[in-house]
Every structure is written in C-alpha cells, then in structure tokens.
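Let me begin by presenting the structure, written as structure tokens, before commenting on it.
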Amino acid sequence: MRIFFSVGEPSGDLHGANLIHALRNRHPDWEFVGYGGPKMATAGCTLHADLTQLAVMWVAQVLIHLRKFLKLVADADRYFGAERPDAVILIDYPGFNWHIARKAKARGIPVIYYGTPQLWAWASWRVRKMRSFVDHVLCKLPFEEKWFRDRGCHASYVGHPYFDELATQPIDDDFLRQFQCDSRPLVTILPGSRTQEITSNLRSMLVAARQIRERVPQVKFAVAVFKEGQRELVKRLIDSSGVDAELHVSRTPELIRAARCCLACSGSVSLELLHCEKPTVILYQVSRLGFFVQRIFRKVRYITLVNLLTAEDPFAHGSAGIYDPADPRDAHVLMPEYLTCEDRTAELTGHVVDWLTDKCEYERIVRGLAELKDRVGQCGASERAAEYISHLLDGTGETAKRWAPAA
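Each residue of the sequence shown is one higher than the last, beginning at -7 in my numbering.
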C-alpha cells in the first residue's frame, strides 16, 4: 500500500509525521511518499519536495512562487499517472492542495483531507471544492463535522492532532529550571513561526513590552524564535526596540511553561497555550488592504481557536480581532485578540499588566483554560485518523458503518 501526502505548513509536517507513525504501527509494510517536511521525512516519508520551505501567505507571496507551485502540481500528476498511489492525504495548505486533490480525483485515487482548512471562517463557498475533489474529510474541531456534513461532505470528527504532540512533547527540564529559579515574572513573546509574521507582529509586541516594564519594573521578557534562520531578524528587532529581552531558538515549549503569561501571534500555538493554561493576548497585525479584504471574506467573529471553541455560536459574524470586554458577545473570551491594522499596543499592555498584578483576574482566566482543556484537549486524533484510513484502504467495508452519523 502506498500513500501520497501533500503537506505545506510546519504544523502540518508535525501532524503528518504523527499520522505516519500511527499508520506504520498498524501497517509496517505501507509506503509513504510525497510533499512534506523534515519531521515527516524522519517518520519514514520519502519526500519528493520539502513543501514547508514554501509556506507563504497572501496573494503577493503566492505569485512570487507561482512557477514552483505549478511545477510541483505537474510533478504530482505525473506521479499519480505512473505509480498510482492507493490514496492521497492532504493536510491544511488549501491553495496548493486543491490542485493536488483535483489531479488525484481525476485519476480515480481516493482523497482524504486530514486537518481541514477553515472554510467555515473564510469564503465558505470553497466548500464546493471539498465536495467535488475530496472523498473523506477528517475534522480537527468538534463543530466542523456538522458544518461539512450539512454541506454534503463525508466528514468525521477525529480530534485535533496537535494535542497528540503536546502530550509527548520533550521538555528540557534544566533549561526550564533556569527560569523557575528566577523570582521575576516572565512574559513570553511568541511572534509566529513564519518570517512574515515576525516582521508584521514583533515590533508592536516589543513596544508593548516596553510599556509593560514601565508599569511592572520587575518583569522579564523572552522571545521564542521558531527556527535558526530567523535569529538575526529577531535580534535586530529586539536591539532596535531598546527592550531587554532574551532570545531563544527552538525553545517554545519551555518558554511557554516558564511564563506567567504570553503575547502571541494567532495560530496553532494557541492550542499549546491552552494545553499549558497560560493567559495570553493575541495580536495579528495586517496591512490596511489585508484588513479590508478579510472583512469581506471572514465569516466568524474570532481568529483564535480557543475563543471559537468557547463561543456559543462559532459562526456568528462580527468585528473580528477587536475584543471588547463590555460586549456581551465577548464574555466567554479567554484570549483577548486583536486582528488589526492599527496600533493596539495599549490594549496588549493592559491585559498583560492585569495578569501580572491582579491575582483574581489571572486565576479567572487560568480556570477557564483548564475547563476548556478538559473538554476538548484530549489526545488520540492521530490514532483515530489512522483507524479510519486503515479501514478505508484495507477494504474491510467497515468505514462507512463505523464513522457514519447516528440515525
């Protein structure tokens, strides 16, 4: 049995690797090939290209790399024709993966989308592509299954694979102990895993850090850098800001655990912050044009998964990113969030200062995160997805019966 993967995000590389491990435990003789990243390669996937090196956002960045993307689609199509894998598994990265799904579907190869793109949040009309090109939709979030099924997709909720990784994540206790021995409260700054996100968000976060220190002089700051190639950029930004902040590469798990609270860019890191029950304020800085465009296409009030998971109606539309504690719609919010093209450093500062100085407010947020974690932060997504895929490809005929909704 040979399975072709198409994965383009660093987080998807992680989820793909965990799924490959789960499938390999069940089927040691299965082959895994395709597009992915270094973690998938380590798990045993033969990479035709490291697609995570082309993890880009926004239209301009896609256009710059368009020729590379088109060549990769053409290469995949040739492979489908020559080798005919038994299934194609897609993880996130919808702009590129729709083309891969179309090519596989045209050749009669089953297509499984594991970790679906958030179609319910952005331009929901794209669900037509999911119906047309994808045979099986494996959902990460509990409210997604019904949303996709209501629109004609064969969808099943398996859980969020990120919690599988967090449950077994190695922690450097010696490194962590350095912070635990320091009596000063630590604020960890998480500016994003993409270089583009760092460029957009870190300056504002550092301005907020300077304002926080003016009000809480004993505070300590650390910036978590995703990869070594971003070190120099982050160092330049810290130096130019005048903020005394430590810089650490590949230490995100330890820096989150050591922190009293965090400043973070929106993304899957919010689930790690939930797992660690860390009060966090979210910033996602965009251009004025980007802010205008997202207002047109966005279909949900929140950009942070933690806030969507606590919302009574995740699909209620509103002014995303502008958290307002006086608005009854925001009463459930655990991670104040600011999707913005404006200066929101005063708001960022206010939340962090509250958590550093107001014990009751800090404990209120921690309790809310703990309750949500108990409800949705369970492991097992990789195993459930591997079970689904195994039944499907083994030809046992059990898949539809086992995963169909109750009558």
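Virtual Cβ for every residue (Gly too), placed ideally from N, Cα, C. Keep in mind that this is a model prediction, so the values were computed, not measured.
Cβ neighbour criterion (16 or more within 10 Å) applied to residue i
{"i": "residue 111", "result": "buried"}
{"i": "residue 10", "result": "buried"}
{"i": "residue 38", "result": "exposed"}
{"i": "residue 284", "result": "exposed"}
{"i": "residue 183", "result": "buried"}
{"i": "residue 207", "result": "exposed"}
{"i": "residue -1", "result": "buried"}
{"i": "residue 299", "result": "buried"}
{"i": "residue 62", "result": "exposed"}
{"i": "residue 75", "result": "exposed"}
{"i": "residue 360", "result": "buried"}
{"i": "residue 319", "result": "exposed"}
Residue i (DSSP reduced to helix, strand or coil)
{"i": "residue 315", "result": "coil"}
{"i": "residue 277", "result": "strand"}
{"i": "residue 114", "result": "strand"}
{"i": "residue 53", "result": "At residue 53, the pLDDT of 48 sits below 50, so the modelled position is not reliable; the number obtained from the coordinates is stated separately. Helix."}
{"i": "residue 42", "result": "strand"}
{"i": "residue 290", "result": "strand"}
{"i": "residue 196", "result": "helix"}
{"i": "residue 256", "result": "strand"}
{"i": "residue 329", "result": "strand"}
{"i": "residue 104", "result": "strand"}
{"i": "residue 374", "result": "helix"}
{"i": "residue 160", "result": "coil"}
{"i": "residue 296", "result": "coil"}
{"i": "residue 208", "result": "coil"}
Paired residues, beta bridge with residue i - DSSP
{"i": "residue 356", "result": "Its beta-bridge partners do not exist; DSSP assigns none."}
{"i": "residue -2", "result": "27 and 82"}
{"i": "residue 213", "result": "179 and 237"}
{"i": "residue 128", "result": "104"}
{"i": "residue 149", "result": "131"}
{"i": "residue 272", "result": "254"}
Cα-Cα separation, residue i to residue j
{"i": "residue 116", "j": "residue 139", "result": "10 angstroms"}
{"i": "residue 49", "j": "residue 257", "result": "Residue confidence for residue 49 is low, a pLDDT of 45 falling below 50, so the modelled location carries little weight and cannot support an answer."}
{"i": "residue 255", "j": "residue 99", "result": "46 angstroms"}
{"i": "residue 214", "j": "residue 263", "result": "20 angstroms"}
{"i": "residue 42", "j": "residue 177", "result": "39 angstroms"}
{"i": "residue 150", "j": "residue 130", "result": "6 angstroms"}
{"i": "residue 362", "j": "residue 40", "result": "41 angstroms"}
{"i": "residue 347", "j": "residue 27", "result": "42 angstroms"}
{"i": "residue 14", "j": "residue 141", "result": "26 angstroms"}
{"i": "residue 232", "j": "residue 383", "result": "56 angstroms"}
{"i": "residue 158", "j": "residue 381", "result": "23 angstroms"}
{"i": "residue 83", "j": "residue 210", "result": "43 angstroms"}
{"i": "residue 59", "j": "residue 66", "result": "11 angstroms"}
{"i": "residue 52", "j": "residue 71", "result": "Note that residue 52 scores 42 on pLDDT, short of 50, meaning its location in the model is unreliable and no value can be drawn from it."}
{"i": "residue 80", "j": "residue 88", "result": "14 angstroms"}
{"i": "residue 168", "j": "residue 372", "result": "27 angstroms"}
{"i": "residue 305", "j": "residue 327", "result": "17 angstroms"}
Contact set for residue i: own chain, Cβ-Cβ below 7 angstroms, skip 5 residues either direction
{"i": "residue 337", "result": "196, 199, 200 and 203"}
{"i": "residue 137", "result": "131, 147, 148 and 149"}
{"i": "residue 369", "result": "155, 266 and 267"}
{"i": "residue 229", "result": "194, 195 and 198"}
Proximal residues to residue i (C-beta, below 6 angstroms), its chain only, five neighbours per side dropped
{"i": "residue 69", "result": "95"}
Spatial neighbours of residue i in its chain, beta-carbon cut-off 8 angstroms, leaving aside the 5 residues before and after
{"i": "residue 225", "result": "187, 190 and 191"}
{"i": "residue 163", "result": "245, 246 and 249"}
The ligand SAH heavy atom lying under 7 angstroms from the CB of residue i
{"i": "residue 209", "result": "Absence of the ligand SAH is noted for the structure shown, with no ligands found whatsoever."}
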